[in-house]
Amino acid sequence: MIIDDMGNTKQDALAFALPANVAFAILPNKALSKTFSNRAAAQQREVMLHMPMESLAGNNQEKNVLLSSMPPQQIVQTLKTALSSVPHAIGVNNHMGSRLTQLTLPMSVTMEFLSEQGLFFVDSRTTKYSKAEVIAKRSGVLSTKRNVFLDHTPSHEQIDKQFKRLIHLSKKYGYAVGIAHPYPQTVEYLNVHLHKLQQHGITLVKLSDVVSSGAAYAYHPKPKLKPISPAL
Numbered sequence: 000m001i002i003d004d005m006g007n008t009k010q011d012a013l014a015f016a017l018p019a020n021v022a023f024a025i026l027p028n029k030a031l032s033k034t035f036s037n038r039a040a041a042q043q044r045e046v047m048l049h050m051p052m053e054s055l056a057g058n059n060q061e062k063n064v065l066l067s068s069m070p071p072q073q074i075v076q077t078l079k080t081a082l083s084s085v086p087h088a089i090g091v092n093n094h095m096g097s098r099l100t101q102l103t104l105p106m107s108v109t110m111e112f113l114s115e116q117g118l119f120f121v122d123s124r125t126t127k128y129s130k131a132e133v134i135a136k137r138s139g140v141l142s143t144k145r146n147v148f149l150d151h152t153p154s155h156e157q158i159d160k161q162f163k164r165l166i167h168l169s170k171k172y173g174y175a176v177g178i179a180h181p182y183p184q185t186v187e188y189l190n191v192h193l194h195k196l197q198q199h200g201i202t203l204v205k206l207s208d209v210v211s212s213g214a215a216y217a218y219h220p221k222p223k224l225k226p227i228s229p230a231l
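Written out as structure tokens, the structure is:
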């Protein structure tokens, strides 16, 4: 489980009450970026850089966002600056990025940088046309993707529906990755229901356990082998 968009407001601190196996994806270059990263690390909670990337709409984008117009050197420098504001980060996922994650060149530059830094990548899947996870694996970056957004509509009914879908996928494929946000209603829901996962035969594990194990590939159906024709 990942909590995105951490570091925007002081209210986000509500999420620190969640179990320590919930990872925090922290926005870079914010007043609270370093404070939240240090506090999360003190809880032995995994920290990710929640890297702003160019969206198709192009609106409501963060400052220092990765853009398709950037040359490779600028992409690398922007990533370095962002990473320096989120100490303890062991991985990266994209904030927005419905445009950038479709593009081979900027994603290749990004994944080469992550490979050099020893960071994993989680594709937030803000577009079904994303190439990010495929390029990450091609670059030797440990990676996985988001399976469910819990609170795209932050009502109790929708959060509950999506959480049950997350449980279903976890049972079906052996693991599932959920992304939520530090909304008060989401934190309240998760504080109750994450503690009930064992009743469903499910364990809440650290994100690194997913990306570093064979389970990260379990969600992709394996191709069926064609029967070998007998030799003539």
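Residues 0 to 231 (numbering that gives the first Met the number 0) make up the sequence shown, in order. Just so you know, even glycine gets a beta-carbon here, dropped at the ideal spot from N, CA and C. If you're wondering where the values come from, they're calculated on a predicted model, not measured in any experiment.
Nearest-angstrom Cβ-Cβ length linking residue i and residue j, presumed shorter than 8 Å
i, j, result
"P51", "L31", "Actually they do not touch by this definition, with Cβ atoms about 15 Å apart."
"F35", "I2", "Contact doesn't hold; Cβ gap of about 10 Å is too wide."
"N28", "K62", "7 Å"
"L48", "V85", "5 Å"
Beta-carbon proximity list for residue i, same chain, < 8 Å, skipping 5 on both sides
i, result
"V75", "V108, F112"
"V176", "M0, I1, V121, T143, K144, R145, N146, V147, L206, V209"
"Q184", "D150, P153, S154, H155, I158"
"A16", "V186, N190"
"L55", "S97, R98, T126"
"S212", "none"
"K9", "L31"
Pair within 8 Å by beta-carbon distance, residue i and residue j
i, j, result
"I178", "R145", "yes"
"F148", "H192", "no"
"V121", "G96", "no"
"P234", "S67", "Outside the displayed range of the chain (0 to 231) lies residue 234, so it cannot be described from this structure."
"L141", "V210", "yes"
"E45", "L206", "yes"
"I158", "I201", "no"
"A135", "M110", "yes"
N- and C-terminal bounds of the beta strand (DSSP E) containing residue i
i, result
"T143", "142-144"
"L51", "First, the amino acid is wrong: residue 51 is Pro here, not Leu. Element bounds for P51: 46-52."
"N260", "The first residue shown for the chain is 0 and the last is 231, placing residue 260 beyond what the model contains."
"V121", "119-122"
Top-ranked residue by Cα proximity to residue i, from the options
i, options, result
"N92", "E61, K171, K160, D4", "D4"
"H151", "Y182, E132, A175, K130", "Y182"
"R98", "G57, P27, H49, Q72", "G57"
"H94", "A131, S207, E115", "A131"
"T126", "S114, Q116, T202, L102", "L102"
Cβ-heavy atom distance, residue i to the ligand MN, below 7 Å
i, result
"V209", "Annotation note on the ligand MN: not contained in the displayed structure, which lists no ligands."
Residues of its chain near residue i, where Cβ-Cβ distance is below 6 Å and the 5 sequence neighbours each way are ignored
i, result
"Q116", "none"
"P222", "Because the pLDDT at P222 is just 36, under 50, the model does not fix this residue reliably, and the point stays unresolved."
"K71", "Checking the sequence shown, residue 71 turns out to be Pro, not Lys. Taken in chain order, the residues that qualify are V108."
"L168", "N146, A175"
Endpoints, the alpha helix (DSSP H) within which residue i is located
i, result
"V233", "No information on residue 233 is available, as it lies outside the stretch 0 to 231 that the chain covers here."
7 Å CB neighbourhood of residue i in its chain, flanking five on each side removed
i, result
"V204", "N20"
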